[in-house]
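J.: Okay, here's the structure, questions in a sec.
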Amino acid sequence: MKLKLFFKQSFKDLIVYWPLYVTFTLFLAFAISLSLGLISFISMFGKDIESSFGSKYNANARFVAQRYTIPEEKEKANEDFFQEEKSTLPIYNFFYDAINFENKEIWEKIKSLSITHDSITTAEDQNNPVLKFIYKYFANNGGNIVRLNESDVRLSSISNIFHTPSHQQMVKNVDILNKIVDYISHIFKAKFKTNNIQSAFIIDQYLKQDLKTDNGIDKFYFQFIHQSKGNLRLENMSQKISLDSLVTNEKMGDIHQGYYGNKILEKISDLKNPEMKIPNYKLFWNNQFNRINFQTSIDFESDQFKNYLDRTKEEFGMFFYMQPKSANEANFKLGEKYKVFVGTDEKRKTHELLYAGTILNPDLWYLPNEWDFYTPAQTINKIFYETSAEQNTNTNQTEFQKYWNSAPNAITNIIYLLFPNSKNTKEGQGHFSNWFETYLMEHVNANGNAPKLQSATVWSDTDTNTSALVMLRVFIGITIVIVVIVLMLLFLIFFFISHQIILLQQKNLFCLKSIGIRNHELSTLTTFALILPTLVSFTIGIFGSLAVQSILMDIVYEFWNYYHSFWTFGFEFIIAFVGLMLVCFAGFFIISLLIINSDALKISGMSVAKGISHFQMKMKFLIKGWNPKLRLGFAFAFQNVYKNIVSYVILTFSFAVFLFSFQFNSSIKIFNNAPEIWNAPYKSIKLNHSLPLFNIEDKLIDSYKTIDVNEIKYFKPLDKDFWTNPTGGTVLEKLNKIEDMKSTYIPKETVLWFLDEVIKKPKYYDQILSQANSFFAESNLAKNTQNKNPFKSFIDQLLTLRLQIPSFKGINIMFGNVVGSINQKTIPEGKQRGIFTTRGFDRKDSLYVDLIAFENDEESKKHFEYNVAETDSNVDTTFESSPVLKVGISNFYAKRANLKVGDQKDIGVNIGFKTDKGAIKPIAHNIKLKVNKIVKNTLSKESSIYVPQKNLFAYLEKINRDKQIISQKFGQIVKDMKKAEPVYISNSYFSQQNLPMQLEYFTLPIFHSNGEKIQDYYSKNTFERYLNSIIKNVLIFSVVTQKMEEVTQGFAGILKIAIFMSSAIAIIVSVLVTILILLENRRTILLFKTIGYRKSEINKYLISGYFVSMAFAVLTAIGIVWFLLEVMKNDIASLFWFNLELSFTWTPMFIAILITSITAFFVLINAAISTYTKRQQPKHTFEDL
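Just so we're aligned: 1872 in the numbering used here is position 1130 of the sequence shown, and the numbers increase by one with no gaps anywhere.
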């Protein structure tokens, strides 16, 4: 009977007060959708993190292989190296032991070299000069096992131990040396899965842990992510494939046990031993740091797939796994085979791989144009061996050697480590650095301020795992705040709804109470009045929360390899859903019980007239002289002051969330758009780091001259006719006849014609390369180099630009001239800001920095905020009794390197080239900087140093006074800049077009003589490296903005959702409060209508109090937002690796949003009040009064 009464009353209230219940239903549905969606997403995000890299086991140290020397070359090391191996030569001894393999072939090759008789060592001797030279050569290359060329050998000390220095014998010796290098390479790849000696040493320490060897280093793990990959393509698809090493567990059977597979052993092993295993196969085993979590998988125990784990079968290991997002995009069918091939030629050998399922591992990054196939190491090696076997006809290598030489490196020059006994990166990196300096390397000429080797920790700021954990913490914080605020609003709203229902049903409830119905039963009755709206809201909330979760996944998982379908929800979702429902009903019941237990329904209060309070009497006395309408309005406002205060509080919450999200989002937009805003009106620049400034031969040679773009019309174009018309001889003959190459250039129209010809006629490409080969073969400077044609990669890069960017119109190729718009005086006239730029290295923090030396004009100084007085003090200030250069630095560099104004820093840079025994080498400088200014509005994620050109070269002149020629060169540059018409040495110019000036006008630098002859523009290695830099370091500021939007889009997406949801909640809450106010004032409205008040007057009285509360809510919300941003900005700045600064800004958009919001709310509330008062008719007066 009671239950029937409850439902009957609930249904009756729902019909009578439907606007109130509909609005409440919408509000509750939004609240549940937002709260439940956020809770579900962060629980899913947390599980994804735990299933991939795990929240506990994260890299806390990193090893980076860098070039080093050995103590025997210490005199040379002072100039060129910053670290040297310990005197006990631990890495060399490890290297010697590694190559001292059972196979003695390497020693036979050393014996076959032509060695002078005064070399008393035997081939097997650990001090053999040939072996020592090879090792030193590797050390000079950072430990990489790389092949040699003749010039490297001829210029080295080893040339003195050969019998004959003749070219023919030298070529033969170099060939033998490279056979030794190939042999060493295959040994290191087989044993340590890398061809870097330093990395192999670290891996060896990892392997020795199982032997309980006390080698001074704590137990550690290393990770396969961030390592090199083998690139393939799918048959009949343009999609790129990256083969990654699959770490294995016991369920992988023969693969886990390290067997090659019998079929491949028949080809590569002379022993034909089916029990043979790959060396140190345990490197590929799953552990707490090298995690793998199988999401879906075929059943390898079934008859259909069991051969894939059986080493005796052809199918052994020929399968792959993918990560969830890539797998969803690929839409492969589980258990089906797909053909792949190496390179781009589909005619090459293909391999069938079985799609075995999906996994999660620490390799989180998702690249839409490259899918990762996680495949056993044996399979990767097999694919590359069998593919290379088609072309590898080298009879000097065994098949086993070919197998490993063709195998991609599984471990590279950067290794991420986990020391379980270290609590954080500082401890882990510190332990590794101490061990590295104690056992392996030491500083060359170390001083007290020299940074410890391998001590940089800034890498952890940008580590993928760190970013994911930071984002998870941010989401958890946002979720807690939003859920708490939503629940507060919910219970506050329900309090007033319940209070209003109880007042409206006061007589009925008095009656029920008088017949013995207890308070908790009355509270249940009132709660049941909201049961239907609540159930409807929770039903809508399920779909709404899944939609919120899906939107968050689309945003946050844009570049992470996680994927879940729309209908995915876990146990946490169910728990949260049930919990929210219980909390709501419990809260509703308790609130109703508190109201019913108050004076509102006491029996003593029945039929008792309520007297006017003392405070009301005083207020009545104070306003008795007011205008009657004003008094009436004040009475209205006073009567509803309680509801208006509540409205003020609720609207303050809603506006605060809305405005905070907007301001936070504005800060993100300012951060993203900083490159475009700061550099306007310029749109792009190519930082010409690789362009040499000058070379030192017998005399100083400037590598280039700066000219104005309008001067090109006086240059001779080497156009299509020059290259195709046979008149005048061959191309090489015509080039040699040119008296001054500096006065010529190749027009972009000619370059474009050439590229189009190559695209249309592939054979023409081979003809061009053949012609170039003939040129380099005839050039004494290039004679007998291994790479006869350095132009190939240059042409390939231009072809890539032409094919991928249809708007690309070619480039002008300049000989010894850098082009800029330098004759114009102001930016509106077309002046381009010029800079001299080179790349520096901060050894302490292992960061590369851009040294930007700008021209000394006032506009450049203002832009780069350089305010140091023009005195010598900016180079005379001493630091450790050495000159120091005052500079500005980018905010991003200041954050990453933890620098403040006044701090000092050592940076290594190369400016200028010198000739050493015929080889061109860079001139290294150690610049001591003092931070004079932190420039905030710069590129958002670039580490840059800013200084005027004159100050930089005056500083370089001073610190190189012990090198007279170099110092004089820098001094002359400074003198030229002090002239009435300054001559700057800018190598890069900002462009007002999207195509950078130094890409539109590409400079070939002068390497020899005065640049009059074509041969002056070639220098082995240096020239090739420069050509390969053509499309590097290109900054198109709009593209930089897009890249930053990708970095921040997860947070921006969250804020957009918050803006939308808070706006919707604010509107719904406002309507709810308005309905409550109108219901409470229904009798008053009817009374006013009965005695003749117009509708507009009644509306004005009702709206006035609400408008005041809304205005105060907006003002209070602004204050709260400003306070929150001020409190949070330091914490937010320290949370992220990028330089996101929160600030409250009064932008036109923000002001427009405020005005629009207030207007929209006012119109909405006015419409609701007008509609309600219009529906109240005087004929209903006696029904209610």
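Beta carbons are placed, not taken as given, at the ideal position from N, Cα and C, and that holds for glycine. All values derive from a computational prediction rather than experimental measurement.
(1) Quick one: is Met1739 buried, meaning 16 or more other Cβ sit within 10 Å of its Cβ, or exposed?
(2) Measuring straight from C-alpha to C-alpha, what distance separates Asn1339 and Asn1261?
(3) Give the range of the beta strand (DSSP E) segment to which Arg804 is assigned.
(4) Sorted by chain position, which residues of the same chain lie with C-beta nearer than 6 Å to Lys1476's C-beta, five sequence neighbours on each side aside?
(5) Roughly how many whole angstroms lie between the Cα atoms of Ser1780 and Asn1421?
(6) Classify Tyr948 as buried or exposed, calling it buried when 16 or more other Cβ atoms lie within 10 Å of its own Cβ.
(7) For Phe769, collect the residues of the same chain with a Cβ closer than 7 Å to its Cβ; drop the 5 residues on either side in sequence, then sort them by chain order.
(8) Identify which residue in Phe934, Arg889, Phe1031 has its Cα closest to the Cα of Leu919.
(9) Tell me, to the nearest whole angstrom, how far the beta carbon of Met1064 is from that of Ala1072; I am working on the premise that it is less than 8 Å.
(10) Let's test the definition: count the other Cβ atoms within 10 Å of the Cβ of Thr1915 and tell me whether it reaches 16, buried, or not, exposed.
(11) Looking at the structure shown, is Lys1916 part of a helix, part of a strand, or coil, going by DSSP?
(12) Assuming Asn973 and Ser984 are in contact, meaning their beta carbons sit under 8 Å apart, how far apart are those beta carbons, in whole angstroms?
(13) DSSP on Tyr1066, reduced to helix/strand/coil?
(14) Grab me the residues of Tyr1731's own chain with a C-beta within less than 6 Å of its C-beta, minus the 5 sequence neighbours each way, in chain order.
(15) Tell me whether Asp839 is buried or exposed, calling it buried when 16 or more other Cβ atoms sit within 10 Å of its Cβ.
(16) Starting from the Cα of Val764, find the closest Cα among Gly1713, Ile887, Glu1043, Ile1239 and give me that residue.
(17) Between Tyr1305 and Val989, what straight-line distance do the alpha-carbon atoms span, to the nearest angstrom?
(18) In angstroms with no decimal places, state the Cα-to-Cα distance between Tyr1080 and Asn1004.
(19) Do you know how far the Cα of Phe1550 is from the Cα of Arg1544?
(20) Measuring straight from C-alpha to C-alpha, what distance separates Ala1910 and Thr1816?
(21) Rounded to a whole number of angstroms, what is the C-alpha to C-alpha distance between Asn820 and Glu1078?
(22) Put Gln1646 into one of helix, strand or coil per three-state DSSP.
(23) Less than 8 Å separating the beta-carbons of Phe1413 and Met1786?
(24) Could you tell me the distance, in whole angstroms, from the CA atom of Ile774 to the CA atom of Glu1169?
(25) DSSP puts Gly1582 in a beta bridge; with which residues?
(26) Rounding to the nearest angstrom, what Cα-Cα distance links Leu1096 and Asn1478 in this structure?
(27) Is there contact between the region 1625-1632 and the region 1682-1689, where contact requires at least three CB pairs shorter than 8 Å?
(28) If contacts are defined as beta-carbon pairs under 8 Å, then Asn1151 and Lys935 qualify, I think. What distance do you get, rounded to the angstrom?
(29) So Thr1038 is in the beta strand (DSSP E); what residue range does that whole segment cover?
(30) Note down the Cα distance separating Phe1031 from Gln1706, rounded to an integer number of angstroms.
(31) Quick one: Cα of Arg809 to Cα of Ala1318, how far?
(32) Measure the alpha-carbon distance for Ser1761 versus Ile929 and round it to whole angstroms.
(33) Of the choices Ile1569, Phe1058, Gln1171, whose alpha-carbon is the least far from that of Phe805?
(34) Closest to Ala1149 by C-alpha separation, out of Ala1902, Gln1120, Asp1592, Asn1176, would be which residue?
(35) Just tell me which of Leu1288, Gln1646, Lys961 has its CA closest to the CA of Thr1932.
(36) Among Ile1010, Lys1009, Gly1000, whose alpha-carbon lies nearest the alpha-carbon of Phe1026?
T.: If we stick to the structure as given:
(1) In the assembly as shown, Met1739 is a buried residue. Its beta-carbon has 16 or more other beta-carbons within 10 Å.
(2) Going from the Cα of Asn1339 to the Cα of Asn1261 covers about 7 Å.
(3) For Arg804, the enclosing beta strand (DSSP E) stretches over residues 803-806.
(4) Residues of the same chain with a CB within less than 6 Å of the CB of Lys1476, apart from the 5 flanking positions on each side, are Gly1470 in chain order.
(5) Whole-angstrom Cα-Cα distance: 11 Å.
(6) Answer is buried; the Cβ neighbour count reaches 16.
(7) Leaving aside the five residues that flank Phe769 on each side, the residues in its chain whose CB is nearer than 7 Å to its CB run, in chain order, Ile1235, Ile1807, Ile1810, Val1811, Leu1814.
(8) Checking every option, the nearest Cα to that of Leu919 belongs to Arg889.
(9) With 8 Å as the limit, Met1064 and Ala1072 qualify as a contact, their Cβ atoms being about 7 Å apart.
(10) By the Cβ neighbour-count rule, Thr1915 is buried, with 16 or more other Cβ atoms within 10 Å of its own.
(11) In the structure shown, Lys1916 sits in a helix (DSSP, three-state: H, G or I).
(12) The C-beta separation of Asn973 from Ser984 comes to about 6 Å, placing the pair in contact by the 8 Å criterion.
(13) Note that residue 1066 is Pro in the sequence shown here, rather than Tyr. It is helical.
(14) Contacts found: Gly1562, Gln1574, Gly1576, Met1739.
(15) Answer is exposed; the Cβ neighbour count stays below 16.
(16) Minimum Cα distance to Val764 is reached at Ile1239.
(17) Each residue's alpha carbon lies about 21 Å from the other.
(18) So the alpha carbons of these two residues sit roughly 23 Å apart.
(19) About 6 Å.
(20) Computed Cα separation, rounded: 8 Å.
(21) With a pLDDT of only 46 at Asn820, under 50, the local geometry of the prediction cannot be trusted, and the value read off the model is given with reservation. About 60 Å.
(22) Correct three-state label for Gln1646: strand.
(23) The answer is yes: Cβ separation under 8 Å.
(24) A direct Cα-to-Cα measurement between Ile774 and Glu1169 gives close to 44 Å.
(25) According to DSSP, Gly1582 bridges with Val1591, Val1651.
(26) Inter-residue distance for Leu1096 and Asn1478 is about 58 Å (C-alpha atoms, whole angstroms).
(27) Short answer: they touch.
(28) 7 Å between Cβ atoms; contact.
(29) In this chain, the beta strand (DSSP E) harbouring Thr1038 covers 1035-1039.
(30) As the crow flies, the alpha-carbon of Phe1031 is around 54 Å from that of Gln1706.
(31) Using only the alpha carbons, I get a separation of about 55 Å.
(32) Using only the alpha carbons, I get a separation of about 34 Å.
(33) Relative to Phe805, the option among Ile1569, Phe1058, Gln1171 whose CA is nearest is Gln1171.
(34) Of the residues Ala1902, Gln1120, Asp1592, Asn1176, the one whose Cα lies closest to the Cα of Ala1149 is Gln1120.
(35) The structure shown does not extend to residue 1932, since the chain is modelled only from 743 to 1927, so the question has no answer here.
(36) Nearest C-alpha to Phe1026: Gly1000.
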